[in-house]
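In the numbering used here, the protein residues as written are 113 to 447. Backbone N, C-alpha and C define an ideal beta-carbon position, used for all residues, glycine too.
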Amino acid sequence: MAVGKRVGTAMILSIESSCDDSSIAITEIATKKLIYHKKISQELEHSVYGGVVPELASRLHAEALPRILAECEPWFDKLKAVAVTNEPGLGVTLIEGVTMAKALSISLNVPIIPINHLKGHIYSLYIEQEAVLPLTVLLVSGGHTQLIEVESYSVMHTVATTMDDSYGESFDKVAKMMSLGYPGGPLIENIAMDGDVSRFAFTVPLWQSPLIAFSYSGLKNQVRLAVEANEVSAYPHIAAAFQKTATEHLIQKLKKYFKTNPPKRFAIVGGASANLYLRESVTKILAAYKAELFLSELKYCSDNAAMIGRAALEAYSLGEVKSHNDIPINPRCKL
Ligand code: KG4
Ligand code: ZN
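This is the structure we're talking about:
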């Protein structure tokens, strides 16, 4: 291979397998261009169980990741590093991506860039773009509900987090109660459109508490009682009232936080950031601060390897590369 061929075309291959999406991307280092991106989602397989079954997810990754990787072979000689999500996530699924990254690292003789999945979601805002920082971020996914002050790739402070369930997870649980399938977010958002939001009233979690923190377990139980006491025809109304209350909880806590920390730039990221009711509600409160709202493209909200590759560009420029012997898997790690 001619050395000149590598100039300007050095690339990073990134792998994501932290939950139920098998995804690989290739990103050009100099231009941030996304050269290749593919994701095989397992939603259908988990749908019958109303949630992700970790062992099934692991087996499906073991089938899907090699199939995607085979399509990446034409770029193998351009790779400078392999990036992989190594935290947080399901231990049995993280290991699928990390094992593949280690095998590639050894066979192609390139280092590994371990990536925190939450940083990946934050950098989903900047696919093929420069990062605009500092930024206040609301991360809402199936595993997390966090308010984060992002100074830079290396300096991020979590200022509020959930005490129990996450925002996205609560949609999944409510969808399961209604036997709608998985993932619950889009399903609940969809049936809520046909619902009358005033037919049910749920108490907003922690509305009297001075804490800036989130909690969804109590709301989940209120909804469970309503589901059990009503006919299927009432589900759209219950879904609408649930979505309103779950979102109002986020908005109340954001307002409280903004009193002492007025936002200039604000972002919503993570799978549940696709929720239009949430996007509209946040847009309304930001108007008072004339703050700019940053959102990922819809295709990059849920888990994907493009965001892992984009985060890896930052890590690579900071020299955060490791050997294949030095990649721990941290299922419960935060930021
Ligand atoms: O970020 P993500 O793909 O995976 C995790 O890192 O957890 O987020 C998936 C979560 C699921 O809980 C899903 O129900 C939720 O995001 N979600 C939504 C919507 N779309 C996806 N929640 C509410 N409204 C939506 N439109
Ligand atoms: Zn995620």
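Helix, strand or coil at residue i [DSSP, three-state]
i	result
G116	The pLDDT assigned to G116 is 40, lower than 50, so where the model puts this residue is not dependable, and the model offers no usable value.
K145	coil
M87	Here the chain has residues from 113 to 447 only, and residue 87 is not among them.
V433	coil
A243	coil
E140	strand
E175	helix
V463	Only positions 113 to 447 of the chain appear in this structure, which leaves residue 463 out of reach.
Q334	helix
L181	helix
I441	coil
A122	coil
F312	coil
E261	strand
S236	helix
W187	helix
Minimum C-alpha distance to residue i - residue among the options
i	options	result
V271	L430, G280 and E261	E261
S435	D132, A215, E157 and E167	A215
G255	T197, G383, A358 and D189	G383
D133	A195, L156 and Q241	L156
L206	L251, N228, A379 and E426	N228
N437	R311, R391, S217 and K332	S217
K411	S153, I127 and S130	S153
S126	G431, M419, L447 and G307	M419
P223	A195, P348, T211 and M275	A195
S414	F370, G209 and K151	K151
A338	L366, M289 and F326	M289
F312	P322, P298 and A346	A346
A351	L366, V335 and L362	V335
G280	K367, I225, N342 and L362	L362
F448	A353, F283 and A325	Residue numbering for the chain in the displayed model covers 113 to 447; residue 448 lies beyond these limits and cannot be assessed.
Chain B contact for residue i (CB, 8 Å cutoff)
i	result
L220	This model lacks chain B altogether, as it is built from one protein chain only.
- Query: Along the chain, which unbroken stretches of the beta strand (DSSP E) at least 3 residues long are found entirely within the segment 342–395?
  - Reply: Correct list: 377–381.
- Measuring from each Cβ to the nearest heavy atom of the ligand KG4, keep the ones under 6 Å and list them in chain order. C131, S253, G254, G255, G280, E281, F283, D284, P295, G296, G297, P298, E301, G382, G383, A384, A386, N387, S414 and D415
- Query: Where are the alpha helix (DSSP H) runs, 4 residues long or more, that stay fully inside the segment 197–230, in chain order?
  - Reply: 203–220
- Message: Three Cβ pairs or more, each shorter than 8 Å: is that satisfied between the segment 230–243 and the segment 291–304?
- Response: no
- Message: Three Cβ pairs or more, each shorter than 8 Å: is that satisfied between the segment 327–334 and the segment 354–373?
- Response: yes
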